[in-house]
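Adding 277 to a residue's 1-based position in the sequence shown gives its number in the working numbering.
Structure first, commentary second.
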Amino acid sequence: MSTQNLSPEPPSEWAGGSLTPATAELAAARIAGASPLERLIALREVVPGKIVFTTSFGIEDQMIAHLIFANKIDIEVSTLDTGRLFPSTYATWAKTEETYGVRIKSHHPDPRELTRLIADIGINGFYHSKEGRTACCNVRKVEPLNRALAGASAWVTGLRADQSSNRGKMALAAWDNSYALLKVSPLFDWTRAEIAAFVEAENVPVNPLHAQGFPSIGCEPCTRAIQPGEDERAGRWWWESDDTKECGLHVDKDGKLVRARQAAA
Ligand code: SF4
Numbered sequence: 278m279s280t281q282n283l284s285p286e287p288p289s290e291w292a293g294g295s296l297t298p299a300t301a302e303l304a305a306a307r308i309a310g311a312s313p314l315e316r317l318i319a320l321r322e323v324v325p326g327k328i329v330f331t332t333s334f335g336i337e338d339q340m341i342a343h344l345i346f347a348n349k350i351d352i353e354v355s356t357l358d359t360g361r362l363f364p365s366t367y368a369t370w371a372k373t374e375e376t377y378g379v380r381i382k383s384h385h386p387d388p389r390e391l392t393r394l395i396a397d398i399g400i401n402g403f404y405h406s407k408e409g410r411t412a413c414c415n416v417r418k419v420e421p422l423n424r425a426l427a428g429a430s431a432w433v434t435g436l437r438a439d440q441s442s443n444r445g446k447m448a449l450a451a452w453d454n455s456y457a458l459l460k461v462s463p464l465f466d467w468t469r470a471e472i473a474a475f476v477e478a479e480n481v482p483v484n485p486l487h488a489q490g491f492p493s494i495g496c497e498p499c500t501r502a503i504q505p506g507e508d509e510r511a512g513r514w515w516w517e518s519d520d521t522k523e524c525g526l527h528v529d530k531d532g533k534l535v536r537a538r539q540a541a542a
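Below, the structure is given as structure tokens:
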């Protein structure tokens, strides 16, 4: 692959060493200004250790999974199986494994924590209070994510800046203080239409719910179809009113969205 669109080589003194916030900034600068595939390949070349991509099998994640699997990039692909996903999401998961001949690593909620949660708030207690919803997301998503990212140097996500006003503040790559790693969103500057065109051209398996008004697909009881003109994430936790709805995967310890520092263009 040509890497002519990539920034010049980073200084040799950090190559192969552990990432720190300062070296992560150099790595971020190195992968800016390239195509998503070039970004992923360059990320693998310049970041030492384990790199984890977490997928929820949405259209953005399916494009990234395709780039990783089709090009055999050494990035671990993991998913968080909350136990409350749509049947079509499990079908997309199976179809993806079949298409690329791979296994996707799954992380599940801790059974004792899940038992405690359900005893505490009820099986659908997330509808009754924001605290209950957050507790459920913590047990079913955030704690499994901690395990998925354990020991990783970098975390690849399918976030896009134009998915919501909240995510508009993000960028390509940044040091994530919560997990002490480099967080990279190789599609942050791609539009949904561009991604849809890519997956169609490459025959990438996609969740059929996208064609039924679900641009963003999470757990079944917490996701509905959206109306024309609504924000892409309006169908997530629709009974909550604020515009900063996140499941906790992409927020810091104060509940704020982790804002990626703008990588050098
Ligand atoms: S999205 Fe809903 S069901 Fe899924 S973990 Fe969060 S509150 Fe629980």
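A virtual CB, placed ideally from N, CA and C, is assigned to each residue, including glycine.
Taking the Cβ atoms as the reference, residue 354 lies roughly 16 Å from residue 430, outside the contact range of under 8 Å.
Remark: the shortest separation between the CB of residue 495 and any heavy atom of the ligand SF4 falls under 7 Å.
Annotation: residue 323 is outside any beta strand (DSSP E); the continuous alpha helix (DSSP H) that includes it extends over 313 to 323. Put simply, the backbone Cα of residue 516 is about 44 Å away from that of residue 322. Taking 8 Å as the cut-off, the Cβ atoms of residue 488 and residue 465 do not count as close.
Following the DSSP letters along the chain, one finds residue 372 inside the alpha helix (DSSP H) bounded by residues 364 to 377. Under the 10 Å beta carbon count, residue 397 is surrounded by fewer than 16 other beta carbons and is classified as exposed. A distance below 8 Å separates the beta carbons of residue 308 and residue 320.
Beta-bridge partners assigned by DSSP to residue 453: 458.
Bridge pairing for residue 353: 329 [DSSP].
Buried is the label assigned to residue 513, since at least 16 other Cβ atoms lie within 10 Å of its Cβ. Distances taken from the Cβ of residue 510 to the heavy atoms of the ligand SF4 include none shorter than 7 Å. The three-state secondary structure of residue 433, taken from DSSP, is strand. In the structure shown, residue 385 adopts coil according to DSSP, grouped into three states.
Contact check between the stretch 362 to 371 and the stretch 330 to 346: three or more CB pairs, one atom from each, fall below 8 Å, which counts as touching.
If you check the C-beta of residue 498 against the ligand SF4, you find a heavy atom less than 7 Å away. The three-state secondary structure of residue 417, taken from DSSP, is helix. Between residue 363 and residue 494 the beta-carbon gap is near 7 Å, inside 8 Å, which marks them as a contact. Ranked by Cα distance from residue 361, the options 380, 392, 400, 351 are led by 400. Rounded to whole angstroms, residue 475 and residue 409 show a C-alpha spacing of 38 Å. Pairing residue 479 with residue 389, the inter-Cα distance amounts to about 42 Å.
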